[in-house]
Structure formats: C-alpha cells, structure tokens
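Working notes, structure below.
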C-alpha cells in the first residue's frame, strides 16, 4: 500500500512538472529569454575578462604649443615612442581646449602638453612637460601614467618624473595632474554610474513589472472599466515610476557624498536634466516591453536579459576601453551609455553643456522616438 501511494505521488508530481513545462514552452517570449540569457551572459563576461591580453591602443592627445626646433624635436620623439609602444594611440594638436574637450568626452584618456617656451627652457638646462590624466578610470590611469613615464625615461633628455618639484638643470620635468584639482579615487568613477543606473533601472523594470502584476491579479481590469482614459492610466503609472527613480537616485547620491566623500564639481541643473532624460527614456522602454508580455515572469526575464548586459556595456562599472571593439560598438547604441557618460562628465569633470550636448540631444531624440512607438502599442496591449 505504501509503495502504491509513493508511486502515485511520484506520478502526480511528474504530471504537474509536465504541465508547468508545457505551459512554459507555450509562452514563447519566456522560452526564448531563458535560452538567450545565459548565452549572452557567458559571452559578455568571456569577452570582458579575457584569459589573456591586456588593454592596448589607449587614445591620448599630444598638444604641441612650442614651435621651436628643440621643442618640436622632443614632441616628435615622444610621439614616435608612444605610437611604437602598442599601448598608446597618439593624436597631435596645438589646441589645448580641444584636447580637454576630448578628455571630458572620453575620446582620449590623457593629454601630454609641450608648452610654449619649452625649447628655451631646455636650452637653459631644464623644462617642464605637463600631463593631464583621465581621473575617472583608475585602471587606465595607472597604465597610461606608467607608460608615459617610461617613454620620457627612454628619451634622449634625462626625465625626472615628479609630482611638481622644480626641474633641476639638464632634466625634463614631467608633472602629472588631473583635469579637476584634487585627487579622485576609484569610487568617484563608480558613483555617477551607480546614481544614473539606479535612476533608470527603476523606470525600465518597474513599469513592466507593475502592469504584468496588475494584469495577473485582475486589478488592471478594474482600472480599464473606470471612467479613465487609457492614456491617463499609462502616464499616471509612468509618473509614479519617474518619482521612484528620482527618489532612488537621490538616496544613492546622498550616500555617495555623505559617506564616501564624492564631490560635485559640475552644474546641478545639468545633472538633473541628464537624469530626468534617462528616467523618461527608460520609462518609455518599460512601456514598450510591457506591450509584448502578458505575465509577470516573462516580463521579469525579458527585462533582466536587456538590463543586465546594458549595465556592464554602458561604462557605469567598467571603462569602455576594456571591452573588445565590437562590444564597444554595441555600447554606443545603448541609451544608458549616454546617460552615464554625460552625468559623470558633468558631476566630476564640470563639463560645459557643449561637451555633453550630443548625449543630451541624443537622449531627447531617443525618448521622443520610444514614446511615439510605445504609447499606441501599450494602449492596444492593455485592451487585449
């Protein structure tokens, strides 16, 4: 009797398992997401953290302000050695303001300045070369600093790598500094990315999860039966997600400043504009994804498959230069990349609006496009 009861229990358990798996198979978005998510995850981490190799071809700007024969000779010698190193790619200019703008926009990671009068200084026994480093990428900062110091040590003129001490006769003094006064730690690279990420993740996942849950519980039907327009329901829930995202970002920002000493160098108004654009853009994406799923589990899997890779490919946690070139190309089409880069440049580097204008305008265009697509699709989806 006991054996019969045990066998019956096992058979019933297998029937229930078959029923659940059949139901899972019939919901195609859930099935496709379950298959794709681990594949994407393993490919992402496999290429982000390769078993061999290192960062190479880091772009730097060389600003040649001194046009004397001796100054030009030293600049050309440095450029040749830097290009030959394999670690650095050099772009030469005579405009310091252009180079600083490129540094803010993460197009270059260091600026080497050969100032006016360098040739005359060297003729008198010593001269100074200034190197401005990208303070926001600690790994790259260390690698680039070491490589530049090594290059100057290989040059014909003896190189004295210092923290700003006066050059002694017959030496070339190399002074390293950041674009913003004061030393920045690795957390100042992470903090803006975490703030931006926290703000937009709620907009992306919160709306999709809310509608899926209400649809399963039946409370959405009650809203649809009320004398309220579909558009009012949509935007009311969207506003709630925007408020939640803003509150989360304020909490993370306050903790960063109060406990970890993160400083704000930029315009708070521009920072708020960038965050609001990001929250709006991802709220629209949440509406769009909600239109294609009918249950909470499918919504959660799809959002996770999109959200998780986006966090790592946006530059919020890792410098984009550490990614293979084809992953960098993918990162440039992700809206989170532009939110993070603009917010970080404004918060830590005090970037002028002109420096972050491409990100701001790009996010505005993306937001309008995604809402234009999402609103009619969502209105149709909630009445299915």
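In the numbering used here, the protein residues as written are -3 to 380.
Ideal placement from N, C-alpha and C gives every residue a C-beta, glycine not left out.
Close beta carbons around residue i, own chain, < 6 Å, minus the five adjacent residues each side
i	result
residue 97	351
residue 118	66
residue 47	Note that residue 47 scores 48 on pLDDT, short of 50, meaning its location in the model is unreliable and no value can be drawn from it.
residue 64	115
residue 153	Residue placement at residue 153 is flagged as unreliable, the pLDDT there being 45, under the threshold of 50; the coordinate-derived value follows with that caveat. Closer than 6 Å at Cβ, skipping near neighbours: 168.
In DSSP terms, what residue i is bridged to
i	result
residue 107	57 and 128
residue 84	54
residue 173	128
residue 121	Answer is none; residue 121 lacks a bridge partner.
residue 219	Residue 219 pairs with nothing; no bridge assigned.
residue 89	59
Environment of residue i [buried if 16+ CB atoms lie within 10 Å]
i	result
residue 224	exposed
residue 7	exposed
residue 320	exposed
residue 370	buried
residue 161	Only weak support exists for where residue 161 lies, its pLDDT of 41 falling under 50; the coordinates are left without a value.
residue 105	buried
residue 159	With a pLDDT of only 42 at residue 159, under 50, the local geometry of the prediction cannot be trusted, and the value read off the model is given with reservation. Result: exposed.
residue 4	exposed
residue 14	exposed
residue 295	buried
residue 137	buried
residue 163	Its pLDDT being 43, under 50, residue 163 is placed unreliably in this model, and the value from its coordinates should be taken loosely. Buried, because 16 or more other Cβ atoms sit within 10 Å of the Cβ of residue 163.
Rounded distance between the beta-carbons of residue j and residue i, thought under 8 Å
i	j	result
residue 100	residue 317	Rounded, the Cβ-Cβ distance is 16 Å, inconsistent with contact.
residue 234	residue 195	Their Cβ separation, rounded to whole angstroms, is 14 Å, which puts residue 234 and residue 195 out of contact at 8 Å.
residue 84	residue 56	5 Å
residue 336	residue 188	7 Å
residue 363	residue 276	5 Å
residue 197	residue 270	Not confirmed; about 16 Å, so no contact.
residue 70	residue 108	Between residue 108 and residue 70 the Cβ distance is about 11 Å, and since that is not below 8 Å, they are no contact.
Cβ-Cβ distance between residue i and residue j below 7 Å
i	j	result
residue 95	residue 59	yes
residue 123	residue 114	yes
residue 110	residue 67	yes
residue 366	residue 306	no
residue 200	residue 303	yes
residue 339	residue 283	no
residue 297	residue 310	no
residue 248	residue 190	yes
residue 193	residue 341	no
residue 279	residue 237	yes
residue 334	residue 359	yes
residue 229	residue 213	no
residue 127	residue 172	yes
Own chain partners of residue i with C-beta closer than 7 Å, once the 5 adjacent residues on each side are dropped
i	result
residue 324	316
residue 86	56, 58, 75, 78 and 79
residue 88	58, 60 and 75
residue 347	100, 262 and 341
Cβ neighbours of residue i in the same chain (closer than 8 Å, five flanking residues each side left out)
i	result
residue 90	59, 60 and 61
residue 381	The chain is shown only over -3 to 380; residue 381 falls outside these bounds and no answer can be derived.
residue 376	287
residue 252	183, 187, 190, 191 and 258
residue 140	54, 56, 83, 84, 105, 106, 129 and 130
residue 205	292, 295, 296 and 299
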